[in-house]
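Input: a single structure, listed below in structure tokens.
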Amino acid sequence: MDAAVPHPVTEQQVSRLRSALRLPVTTPGEADYAGQSRVWNAMINRQPSLIATCTDAAEVQTAVRFAREHQLDAAVRCGGHSLPGFGTSDGGMVISLAGLKDISVDPASRRVRVGGGCLLGEIDQHTQEFGLAVPSGVVSHTGIGGLALGGGVGLLMRRYGLTIDHLISAEVVTADGNLLHASADDNTELFWALRGGGGNFGIVTGFEFQAQEVRRDVLALLLAWPLEQVHEVFERYLDFAADAPRELTSLIFLFNVPRSDPYPEAMHGAPAVGVAGMWCGDIPDGLAAVLPLREYGPPSIDLSGPRPFLFMQSMSDEEYPWGRRYYMKTGLMEALPRAAVDLSVEAFANAPHPALEIDFHHLGGAIGDVAGSATAFAHRTAQFAYDLPTSWDNSVDDQSMIEWTKRTAQALDAYVPGGSYLNVEADTGPEVSRRGWGENWQRLVAVKRQYDPTNFFHLNPNIDPARG
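Quick note on numbering: the sequence shown equals residues 1 to 468 in my numbering.
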């Protein structure tokens with residue numbers, strides 16, 4: 001951000017901005033300000049001075065130039081899902097992409113064009129009409145902008161790779177207010193950086209993706225055993241995962257069984273070890289492939305079976321709703337050793353709330369088909385990711401929840417050679433950013449210096465051009 005002292009924005013200046021945009025510019029005191037300024041993570045409660053909702057690239061250019069002219073802290077919001085609350089700013093300006101909702105699907109070429117303000121569920125609905133999908137995340141009210149620019153993991157990642165691996169081109173408004181086309185042929189360094197480098201280089205107003213064939217019905221996997229069997233289940237799962245077909249994306253996790261349907265009443269509230277995931281392919285083949293897991297024990301819970309792909313893509317919506325408090329940590333692992341399992345079991349036993357869980361996502365597959373230097377997302381050889389998706393409702397629990405999550409993450413980091421997935425990282429700062437981009441850090445700094453030398457776009461896992 002330019003280092004000059006900000007100038008107060010007058011009502012006359014806001015009026016000029018209003019006249020240039022088709023949707024309202026919202027300021028404090030207006031009826032819909034509270035709703036417009038709210039973000040997904042209830043721990044974040046900031047009060048921007050104005051919220052400009054844009055409907056096309058030209059309006060985004062206008063908003064960027066306005067923020068620069070008046071030296072306003074510019075926060076960019078697509079879905080508002082940023083854990084640290086990057087989509088808002090106290091006293092700053094929110095550039096909302098909520099009006100950029102165009103979606104078009106060409107079933108012949110399987111190319112999909114989406115506006116920068118689209119949510120994942122909206123894209124899934126359009127693509128599934130043609131038996132297609134753009135690999136993405138599993139909370140349908142997440143925005144495509146933050147998810148895609150950070151990498152994009154989900155239930156299709158082992159078969160098809162990350163969201164960024166399907167990006168063909170992007171329309172980008174840069175810090176000087178210009179509109180650029182980035183692809184393998186145009187602005188190639190910018191295109192490289194956009195694929196995993198986050199929102200550091202501009203505002204993506206439009207994405208073009210290569211979709212993949214995904215049938216309307218897939219095989220859901222959900223198994224659980226009593227926690228007493230945790231080491232046997234982990235050993236069996238790791239043996240299975242070592243040769244698991246790419247069609248299966250899965251995780252193993254520690255959790256307390258919810259006290260609700262469809263879980264069997266006899267297991268309600270019981271600590272357990274679970275295996276969940278999705279098979280993208282012929283369902284009979286999937287049933288045969290996961291049989292070694294379903295027959296082991298056997299599991300106390302087996303809710304596996306065919307499900308609509310759209311159901312799987314929104315399955316986590318209730319678990320991660322708007323209005324809860326979130327603090328999450330993650331780390332990328334080359335292996336999952338017994339010692340990491342042991343400390344996870346101990347941490348889980350000392351969790352301050354029964355809703356807390358510890359997840360280990362199985363990576364590999366198509367993710368590793370792309371070289372670590374081919375996109376800004378460097379960590380292509382990781383085989384597992386630990387994930388602490390901590391959430392709660394009451395602010396009185398903030399300290400205990402955050403301290404438990406930090407303590408558990410610090411212990412697990414002993415088995416992380418370096419690397420994290422910044423989309424699931426609550427903390428910020430130079431060391432967090434460097435860890436997230438690893439070997440690609442210096443190249444990203446060079447791109448940042450070219451396209452945003454004053455760090456106008458700094459509300460993100462930041463790449464500070466002045467630090468290097």
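We treat Cβ as the ideally placed atom computed from N, Cα and C, and that holds for glycine. Note that the structure is a prediction, hence the values are computed from the model and not measured.
Close Cβ partners of Pro-389 (< 6 angstroms) along its chain, the five nearest in sequence each way excluded: For the purposes of this step, residue 389 is taken as the residue at position 389 of the sequence shown. Once the five neighbours on either side are set aside, the close Cβ partners of Pro-389 are Met-328.
Can you give me the Cβ contacts of Gly-438 inside the same chain, cut-off strictly under 7 angstroms, excluding the 5 residues immediately before and after it? For the purposes of this step, residue 438 is taken as the residue at position 438 of the sequence shown. Counting only Cβ-Cβ distances below 7 angstroms, and skipping sequence neighbours, we find Ala-378, His-379, Gly-418, Gly-419.
Between which two residues does the beta strand (DSSP E) carrying Ala-220 extend? The sequence position of residue 220 within the sequence shown is 220, counting from 1. That run of the beta strand (DSSP E) goes 217 to 226.
Whether His-353 touches Met-278 by CB criterion (8 angstroms): The residue labelled residue 353 in the question sits at position 353 within the sequence shown. The residue labelled residue 278 in the question sits at position 278 within the sequence shown. The answer is no: Cβ separation not under 8 angstroms.
Hey, could you find the ends of the alpha helix (DSSP H) Arg-400 is sitting in? Residue numbering aside, residue 400 sits at position 400 when the sequence shown is read from its first letter. One point to set straight first is that residue 400 is Ser, not Arg, in the sequence displayed. Residues 398 to 412.
So, helix, strand or coil for Pro-292, using DSSP? Sequence index remark: in the sequence shown, residue 292 carries index 292 (1-based). It is helical.
Work out the CA separation of Leu-21 and Val-114 for me, nearest whole Å. Numbered from 1 along the sequence shown, position 114 holds the residue referred to as residue 114. Numbered from 1 along the sequence shown, position 21 holds the residue referred to as residue 21. Cα to Cα, Val-114 sits roughly 20 angstroms from Leu-21.
For Ser-19 and Gln-12, the rounded distance between their alpha carbons: As a working mapping, residue 12 is identified with position 12 in the sequence shown. As a working mapping, residue 19 is identified with position 19 in the sequence shown. Near 11 angstroms, if we compare the C-alpha coordinates of Ser-19 and Gln-12.
Where does the unbroken beta strand (DSSP E) through Ser-391 begin, and where does it stop? As a working note, residue 391 is residue 391 in the sequence shown. Unbroken beta strand (DSSP E) run through Ser-391: 384 to 392.
Whose CA, out of Gly-198, Arg-16, Leu-180, lies closest to the CA of Ala-52? For the purposes of this step, residue 52 is taken as the residue at position 52 of the sequence shown. Nearest option by C-alpha distance: Arg-16.
Can you give, in chain order, each stretch of the alpha helix (DSSP H) that sits fully within the stretch 63 to 140 and has at least 4 residues? 120 to 128
How would you label Val-204, buried or exposed, when you count the other beta carbons within 10 angstroms and need 16 or more for buried? What you label residue 204 is simply residue 204 of the sequence shown in a count that begins at 1. Result: buried.
Rounded to whole angstroms, what's the CA-CA distance from Asp-464 to Val-341? Just pull it up for me. Along the sequence shown, one-based indexing puts residue 464 at 464. Along the sequence shown, one-based indexing puts residue 341 at 341. Answer to the nearest angstrom: the Cα atoms are 36 angstroms apart.
Do the stretch 256 to 271 and the stretch 182 to 192 meet, that is, are 3 or more Cβ pairs less than 8 angstroms apart? no
When the Cα of Leu-162 is compared with those of Glu-357, Gly-196, Ala-184, which residue comes out closest? Sequence index remark: in the sequence shown, residue 162 carries index 162 (1-based). Cα-wise, what sits closest to Leu-162 is Gly-196.
Helix, strand or coil: which one does DSSP assign to Asp-359? Taking the sequence shown and counting its residues from 1, the one referred to as residue 359 is at position 359. Asp-359 falls in the strand class under three-state DSSP.
Would DSSP call Val-153 helix, strand or coil? Taking the first residue of the sequence shown as 1, we reach residue 153 at position 153. Here Val-153 sits in coil by DSSP.
Paired residues, beta bridge with Ser-373 - DSSP: The residue labelled residue 373 in the question sits at position 373 within the sequence shown. In DSSP, Ser-373 forms no bridge with anything.
Which residues share a DSSP beta bridge with Pro-271? Residue numbering aside, residue 271 sits at position 271 when the sequence shown is read from its first letter. Per DSSP, Asn-256.
Touching or not, the stretch 235 to 248 and the stretch 91 to 101, by the rule of three or more beta carbon pairs under 8 angstroms? no
Measuring alpha carbon to alpha carbon, tell me which of Asp-165, Asp-186, Arg-158, Gly-206 ends up nearest Glu-171. Numbered from its first residue, the sequence shown carries residue 171 at position 171. The shortest Cα separation from Glu-171 among Asp-165, Asp-186, Arg-158, Gly-206 belongs to Gly-206.
DSSP-derived helix/strand/coil call for Pro-461: Within the sequence shown, numbered from 1, the residue matching residue 461 stands at position 461. Here Pro-461 sits in coil by DSSP.
Start and end of the beta strand (DSSP E) containing Arg-471? Shown here, the chain extends from 1 to 468; a query on residue 471 therefore has no answer.
Would you report the Cα separation of Leu-221 and Leu-303, rounded to the nearest angstrom? As a working note, residue 221 is residue 221 in the sequence shown. As a working note, residue 303 is residue 303 in the sequence shown. The alpha-carbon atoms of Leu-221 and Leu-303 are separated by roughly 7 angstroms.
Closest to Ser-140 by CA distance: which of Phe-311, Ala-108, Pro-461 is it? As a working mapping, residue 140 is identified with position 140 in the sequence shown. For Ser-140, the nearest C-alpha among the options comes from Phe-311.
Apply the 10 Å Cβ neighbour rule to Thr-62 and answer buried if 16 or more other Cβ atoms are within range, or exposed otherwise. Your numbering for residue 62 matches position 62 in the sequence shown. Its Cβ being crowded by 16 or more others within 10 Å, Thr-62 is buried.
What residues match up with Ile-203 in a beta bridge as DSSP calls it? Here residue 203 is taken as the residue at index 203 of the sequence shown, counted from 1. DSSP, once it has assigned bridges, lists Val-173 as partnering Ile-203.
Three or more C-beta pairs below 8 angstroms linking the stretch 36 to 45 and the stretch 79 to 89: yes
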